Amino acid sequence: MWQTMDTTCTELTDEALLSRISEGDAAAFAAFYDRHSSLLFSIATHVLRDDREAEDVLQEAMVALWERASSYDRMLGKPVSWAITLTRNRAIDRLRALKRRQHGAAQPLDELESVLMDPAASAAENAMSQESAGLVRAALVDLPGEQRQAIELAFFRGLSHFEIAEKLRVPLGTIKARIRRGMLFLRDALEGSL
1 MWQTMDTTCT ELTDEALLSR ISEGDAAAFA AFYDRHSSLL FSIATHVLRD DREAEDVLQE
61 AMVALWERAS SYDRMLGKPV SWAITLTRNR AIDRLRALKR RQHGAAQPLD ELESVLMDPA
121 ASAAENAMSQ ESAGLVRAAL VDLPGEQRQA IELAFFRGLS HFEIAEKLRV PLGTIKARIR
181 RGMLFLRDAL EGSL
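Numbered by the numbering used here, the letters in the sequence shown go through residues 1 to 194 in order.
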(Lines of atoms letter the chains of each structure in order from A and count residues from 1; the text may use other names and numbers.)
(Lines give C-alpha, C1' and ligand atoms only; values in the text may rest on other atoms or scores of the structure.)
Protein backbone atom coordinates (compact mmCIF):
# COMPACT_ATOMS: atom_id res chain seq x y z
CA MET A 1 0.00 0.00 0.00
CA TRP A 2 1.12 3.63 0.49
CA GLN A 3 4.32 4.42 2.35
CA THR A 4 4.37 7.12 5.08
CA MET A 5 0.74 7.97 4.35
CA ASP A 6 0.05 9.87 7.55
CA THR A 7 2.61 12.59 6.91
CA THR A 8 2.18 12.86 3.14
CA CYS A 9 -1.63 12.78 3.06
CA THR A 10 -1.95 16.04 4.96
CA GLU A 11 0.04 17.76 2.21
CA LEU A 12 -2.01 16.38 -0.71
CA THR A 13 -4.70 18.30 -2.56
CA ASP A 14 -8.30 17.24 -2.12
CA GLU A 15 -8.31 15.76 -5.62
CA ALA A 16 -5.24 13.67 -4.84
CA LEU A 17 -6.84 12.51 -1.61
CA LEU A 18 -10.02 11.45 -3.46
CA SER A 19 -7.91 9.56 -5.97
CA ARG A 20 -6.24 7.66 -3.14
CA ILE A 21 -9.56 7.14 -1.37
CA SER A 22 -10.94 5.54 -4.53
CA GLU A 23 -8.05 3.07 -4.26
CA GLY A 24 -8.96 2.21 -0.66
CA ASP A 25 -6.40 4.44 1.10
CA ALA A 26 -7.71 4.82 4.67
CA ALA A 27 -5.07 7.42 5.57
CA ALA A 28 -6.18 9.62 2.67
CA PHE A 29 -9.77 9.23 3.83
CA ALA A 30 -8.75 10.24 7.36
CA ALA A 31 -6.89 13.29 6.01
CA PHE A 32 -9.92 14.36 3.94
CA TYR A 33 -12.18 13.84 6.95
CA ASP A 34 -9.89 15.84 9.24
CA ARG A 35 -9.69 18.65 6.71
CA HIS A 36 -13.43 19.01 6.05
CA SER A 37 -15.49 17.33 8.79
CA SER A 38 -16.03 20.55 10.78
CA LEU A 39 -17.54 22.30 7.77
CA LEU A 40 -19.65 19.28 6.79
CA PHE A 41 -20.88 18.76 10.34
CA SER A 42 -21.77 22.44 10.58
CA ILE A 43 -23.83 22.25 7.39
CA ALA A 44 -25.67 19.15 8.60
CA THR A 45 -26.26 20.72 12.02
CA HIS A 46 -27.75 23.87 10.57
CA VAL A 47 -30.08 21.99 8.26
CA LEU A 48 -31.21 19.60 11.00
CA ARG A 49 -30.82 21.73 14.15
CA ASP A 50 -29.80 18.60 16.03
CA ASP A 51 -26.21 17.56 16.75
CA ARG A 52 -26.98 13.85 17.07
CA GLU A 53 -28.84 13.73 13.77
CA ALA A 54 -26.05 15.77 12.16
CA GLU A 55 -23.43 13.29 13.41
CA ASP A 56 -25.38 10.47 11.77
CA VAL A 57 -25.69 12.44 8.54
CA LEU A 58 -21.97 13.24 8.54
CA GLN A 59 -21.19 9.55 9.00
CA GLU A 60 -23.56 8.59 6.16
CA ALA A 61 -22.07 11.24 3.87
CA MET A 62 -18.52 10.12 4.61
CA VAL A 63 -19.43 6.47 3.98
CA ALA A 64 -20.92 7.55 0.64
CA LEU A 65 -17.76 9.50 -0.14
CA TRP A 66 -15.64 6.43 0.66
CA GLU A 67 -17.81 4.18 -1.49
CA ARG A 68 -18.24 6.60 -4.40
CA ALA A 69 -14.84 8.36 -4.50
CA SER A 70 -14.11 6.86 -7.90
CA SER A 71 -17.25 8.51 -9.33
CA TYR A 72 -16.06 12.04 -8.46
CA ASP A 73 -15.92 14.21 -11.60
CA ARG A 74 -13.59 17.19 -11.26
CA MET A 75 -15.40 18.93 -14.15
CA LEU A 76 -18.44 19.34 -11.88
CA GLY A 77 -16.60 21.12 -9.08
CA LYS A 78 -14.07 20.79 -6.31
CA PRO A 79 -13.96 17.75 -4.02
CA VAL A 80 -15.14 19.77 -1.02
CA SER A 81 -18.14 20.98 -3.06
CA TRP A 82 -18.99 17.37 -3.84
CA ALA A 83 -18.67 16.45 -0.15
CA ILE A 84 -20.89 19.42 0.79
CA THR A 85 -23.51 18.28 -1.71
CA LEU A 86 -23.42 14.72 -0.37
CA THR A 87 -23.82 16.01 3.18
CA ARG A 88 -26.51 18.57 2.36
CA ASN A 89 -28.58 16.06 0.39
CA ARG A 90 -28.43 13.52 3.21
CA ALA A 91 -29.31 16.21 5.76
CA ILE A 92 -32.34 17.27 3.71
CA ASP A 93 -33.43 13.65 3.35
CA ARG A 94 -33.07 13.17 7.11
CA LEU A 95 -35.00 16.40 7.78
CA ARG A 96 -37.87 15.25 5.56
CA ALA A 97 -37.96 11.89 7.33
CA LEU A 98 -38.01 13.62 10.72
CA LYS A 99 -40.79 15.96 9.58
CA ARG A 100 -42.86 13.00 8.45
CA ARG A 101 -42.32 11.30 11.80
CA GLN A 102 -42.79 14.32 14.01
CA HIS A 103 -45.17 16.43 11.87
CA GLY A 104 -43.09 19.46 12.80
CA ALA A 105 -40.90 21.84 10.89
CA ALA A 106 -37.24 22.50 11.46
CA GLN A 107 -36.21 26.13 11.59
CA PRO A 108 -34.48 27.43 8.47
CA LEU A 109 -30.87 28.56 8.45
CA ASP A 110 -30.31 32.02 9.86
CA GLU A 111 -27.15 33.32 8.21
CA LEU A 112 -24.51 32.20 5.76
CA GLU A 113 -21.79 32.55 8.40
CA SER A 114 -23.51 29.99 10.61
CA VAL A 115 -23.21 27.41 7.83
CA LEU A 116 -19.48 27.84 7.69
CA MET A 117 -18.80 28.34 11.41
CA ASP A 118 -18.25 25.64 14.00
CA PRO A 119 -17.95 26.70 17.66
CA ALA A 120 -15.74 23.69 18.34
CA ALA A 121 -13.26 24.72 15.66
CA SER A 122 -10.03 26.53 16.43
CA ALA A 123 -9.75 30.30 16.12
CA ALA A 124 -7.73 29.88 12.92
CA GLU A 125 -10.38 27.60 11.41
CA ASN A 126 -13.13 30.05 12.37
CA ALA A 127 -11.16 32.96 10.86
CA MET A 128 -10.80 30.99 7.63
CA SER A 129 -14.51 30.17 7.75
CA GLN A 130 -15.39 33.85 8.23
CA GLU A 131 -13.19 34.77 5.29
CA SER A 132 -14.81 32.04 3.17
CA ALA A 133 -18.26 33.22 4.20
CA GLY A 134 -17.35 36.75 3.17
CA LEU A 135 -16.13 35.57 -0.23
CA VAL A 136 -19.27 33.50 -0.80
CA ARG A 137 -21.51 36.37 0.37
CA ALA A 138 -19.78 38.78 -2.02
CA ALA A 139 -20.14 36.34 -4.90
CA LEU A 140 -23.82 35.78 -4.07
CA VAL A 141 -24.47 39.53 -4.22
CA ASP A 142 -23.18 39.57 -7.81
CA LEU A 143 -25.67 36.90 -8.90
CA PRO A 144 -28.84 37.93 -10.74
CA GLY A 145 -31.69 38.14 -8.20
CA GLU A 146 -33.60 35.10 -9.46
CA GLN A 147 -30.51 32.87 -9.35
CA ARG A 148 -29.50 34.15 -5.90
CA GLN A 149 -33.02 33.55 -4.54
CA ALA A 150 -33.13 29.99 -5.88
CA ILE A 151 -29.66 29.16 -4.51
CA GLU A 152 -30.43 30.65 -1.09
CA LEU A 153 -33.66 28.66 -0.84
CA ALA A 154 -31.94 25.45 -1.91
CA PHE A 155 -28.66 25.60 -0.02
CA PHE A 156 -29.37 27.80 2.97
CA ARG A 157 -33.03 27.01 3.62
CA GLY A 158 -32.87 23.32 2.68
CA LEU A 159 -35.74 23.36 0.18
CA SER A 160 -35.85 20.88 -2.68
CA HIS A 161 -36.06 22.08 -6.27
CA PHE A 162 -39.72 21.06 -6.33
CA GLU A 163 -40.45 23.01 -3.12
CA ILE A 164 -38.74 26.09 -4.54
CA ALA A 165 -40.76 25.83 -7.75
CA GLU A 166 -43.97 25.64 -5.72
CA LYS A 167 -42.97 28.51 -3.44
CA LEU A 168 -41.98 30.82 -6.30
CA ARG A 169 -44.71 29.55 -8.65
CA VAL A 170 -42.18 28.90 -11.38
CA PRO A 171 -41.74 25.72 -13.48
CA LEU A 172 -39.40 23.12 -11.99
CA GLY A 173 -37.11 23.24 -15.05
CA THR A 174 -36.70 26.99 -14.61
CA ILE A 175 -35.62 26.53 -10.99
CA LYS A 176 -33.11 23.85 -11.94
CA ALA A 177 -31.70 26.09 -14.68
CA ARG A 178 -31.42 29.08 -12.33
CA ILE A 179 -29.58 27.04 -9.72
CA ARG A 180 -27.27 25.48 -12.31
CA ARG A 181 -26.40 28.84 -13.91
CA GLY A 182 -25.93 30.41 -10.49
CA MET A 183 -23.67 27.60 -9.28
CA LEU A 184 -21.56 27.85 -12.44
CA PHE A 185 -21.21 31.59 -11.87
CA LEU A 186 -20.24 31.04 -8.23
CA ARG A 187 -17.73 28.35 -9.19
CA ASP A 188 -16.05 30.73 -11.64
CA ALA A 189 -16.19 33.67 -9.22
CA LEU A 190 -14.74 31.70 -6.30
CA GLU A 191 -12.23 29.56 -8.19
CA GLY A 192 -8.87 29.82 -6.46
CA SER A 193 -10.35 31.75 -3.51
CA LEU A 194 -11.68 28.88 -1.41
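Every residue gets a Cβ at the ideal spot worked out from N, C-alpha and C, and that includes glycine.
Being a predicted model, the structure only gives us computed values, none of them experimental.
Chain-order list of residues whose beta-carbon lies under 6 Å from that of Ala44 (same chain, five-residue window excluded): Closer than 6 Å at the Cβ level, and outside the excluded window around Ala44, lie Ala54, Val57, Leu58, Thr87 and Ala91.
Nearest by alpha-carbon distance to Ile71: which of Arg178, Ser22 and Val136 is it? Looking at the sequence provided, one finds Ser at residue 71 rather than Ile. Checked all of Arg178, Ser22 and Val136; the closest Cα to Ser71 is Ser22.
Should Gly173 and Ile151 be called a contact, given that it needs their Cβ atoms to be closer than 8 Å? It is not a contact, given that the beta carbons lie outside the stated cut-off.
From this set, Val170, Asp142 and Val136, which residue's C-alpha is nearest Phe155's C-alpha? The residue with the shortest Cα to Cα distance from Phe155 is Val136.
Quick check: what's the CA-CA separation for Tyr33 versus Arg94? Approximately 21 Å, taken between the alpha carbons.
Rounded to whole angstroms, what's the CA-CA distance from Lys78 to Lys167? Just pull it up for me. Taken atom to atom, the span from the alpha-carbon of Lys78 to that of Lys167 is near 30 Å.
Quick check on the DSSP output: the alpha helix (DSSP H) that includes Ala44 runs from which residue to which? Taken as a continuous stretch (DSSP letters only), the alpha helix (DSSP H) holding Ala44 covers Ala26 to Leu48.
Considering only the beta carbon of each residue, do Ala83 and Leu98 sit closer than 8 Å? No.
How big is the Cα-Cα spacing for Val80 and His36? Whole-angstrom Cα-Cα distance: 7 Å.
According to DSSP, is Lys78 part of a helix, a strand, or is it coil? Coil at Lys78, not helix or strand.
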